[in-house]
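J.:
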Amino acid sequence: MKTLILSLLAVFGLATAIPAMAFGRSADIGEGIIPDQTRSSIREVVRAAVRHFLNFRKQTPLSEEQKAAISKILAEHREEIAAQINQGRMARHAMEAAVKENGSTKAAAEKIGDAARDRALLMARIGAQVRPLLTPEQQKQIEAARSEVEGLVDGALASALR
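Residue numbers (my numbering): 1 to 162.
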């Protein structure tokens with residue numbers, strides 16, 4: 001069970017690491033640059049995502065068979081997940097270095113884009129294997145959580161354009 005939670009946390013981390021980097025690492029980093037409403041919206045997105053992730057087990061309890069099957073799927077993808085985490089980390093560091101050194105931010109941004117694409121494809125493959133293991137009710141709960149977070153992300157992005 002710990003492995004399942006840690007693996008899901010790693011996947012969740014992948015899903016948020018690169019966008020979080022784009023909006024800064026601390027609450028004050030965007031002050032004066034990013035509108036306050038947008039900064040609040042971003043915090044709301046992160047809070048909702050974390051809330052759904054932490055409440056997942058209570059709201060969507062898995063049977064022992066589901067836990068075992070999902071653990072097996074995640075174990076099969078462990079090396080890919082680790083490689084993806086490393087790829088994202090290297091891309092973020094390359095972008096930070098390029099910005100600090102006035103280097104090639106375009107190449108660094110392309111690395112971030114590649115990492116985001118690869119992460120999305122990996123998550124889609126894992127999701128395609130996990131989804132059939134879930135009951136229709138569990139799938140609805142996950143879709144509702146995803147829709148809420150997506151709506152919050154859209155709102156945060158829209159407020160950034162105001």
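Glycine included, every Cβ here is placed at the ideal spot set by N, Cα and C.
None of the values given here were measured: they were computed from a predicted structure.
#1: In chain order, what are the residue ranges of uninterrupted alpha helix (DSSP H) at least 4 long that sit wholly in the segment 94-141?
#2: Indicate whether Ile73 and Arg92 have their beta-carbon atoms separated by less than 8 Å.
#3: Short check: CB of Gly88 to CB of Arg57, under 8 Å?
#4: Nearest-angstrom Cα distance between Glu44 and Gln139?
#5: Could you check what DSSP says for Leu152 in three-state terms: helix, strand or coil?
#6: Out of curiosity, what's the CA-to-CA distance linking Pro132 and Glu101?
#7: Taking contact to mean at least 3 C-beta pairs separated by less than 8 Å, is the segment 62-72 in contact with the segment 80-87?
#8: Ends of the alpha helix (DSSP H) at Leu74?
#9: What's the gap between the Cα of Leu134 and the Cα of Ser104?
#10: Going by alpha carbons, who is nearest to Arg47 out of Leu161, Glu150, Ser159, Ala158?
#11: If we count the other Cβ atoms within 10 Å of its Cβ and call it buried at 16 or more, is Met90 buried or exposed?
#12: Give the secondary structure of Leu54 by DSSP, where H, G and I count as helix, E and B as strand, and everything else as coil.
#13: Indicate the three-state DSSP secondary structure (helix, strand or coil) for Leu161 in the structure shown.
#14: Can you have a look at Ala97 and say buried or exposed, based on whether 16 or more other CB atoms are within 10 angstroms of its CB?
#15: Mark Leu54 as exposed unless 16 or more other C-beta atoms lie within 10 angstroms of its C-beta, in which case mark it buried.
#16: Mind checking Leu152: buried by the 16 CB within 10 Å criterion, or exposed?
T.: Taking the definition as stated:
#1: 105-130
#2: The count along the sequence shown starts at 1 and reaches residue 73 at position 73. The count along the sequence shown starts at 1 and reaches residue 92 at position 92. The answer is no: Cβ separation not under 8 Å.
#3: On the sequence shown, position 88 is the one that residue 88 refers to. On the sequence shown, position 57 is the one that residue 57 refers to. No; because the gap between Cβ atoms is not below 8 Å, this pair is not in contact.
#4: Working through the sequence shown from its first residue, we reach residue 44 at position 44. Working through the sequence shown from its first residue, we reach residue 139 at position 139. Inter-residue distance for Glu44 and Gln139 is about 23 Å (C-alpha atoms, whole angstroms).
#5: Locating residue 152 in the sequence shown gives position 152, where the first residue counts as 1. Leu152: helix per DSSP, three-state reduction.
#6: Here residue 132 refers to the residue found at position 132 when the sequence shown is read from its first residue. Here residue 101 refers to the residue found at position 101 when the sequence shown is read from its first residue. Taking the straight line joining both Cα atoms gives about 48 Å.
#7: no
#8: Taking the sequence shown and counting its residues from 1, one reaches residue 74 at position 74. Per DSSP, Leu74 belongs to the alpha helix (DSSP H) from 64-76.
#9: Your numbering for residue 134 matches position 134 in the sequence shown. Your numbering for residue 104 matches position 104 in the sequence shown. If I take the Cα positions, the gap works out to 45 Å.
#10: Locating residue 47 in the sequence shown gives position 47, counting from the first residue. Closest by alpha carbon: Glu150.
#11: In the sequence shown, residue 90 corresponds to position 90, counting from 1. Met90 should be labelled exposed.
#12: Residue mapping note: residue 54 aligns to position 54 of the sequence shown, counting from 1. Helix.
#13: Here residue 161 refers to the residue found at position 161 of the sequence shown. In the structure shown, Leu161 sits in coil (DSSP, three-state: anything other than H, G, I, E or B).
#14: Counted from its first residue, the sequence shown places residue 97 at position 97. Exposed: under 16 other Cβ atoms inside 10 Å.
#15: Locating residue 54 in the sequence shown gives position 54, where the first residue counts as 1. Classification of Leu54: exposed, given that the 10 Å Cβ count is below 16.
#16: Walking along the sequence shown from the start, residue 152 turns up at place 152. It is buried - the Cβ of Leu152 has at least 16 other Cβ atoms within 10 Å.
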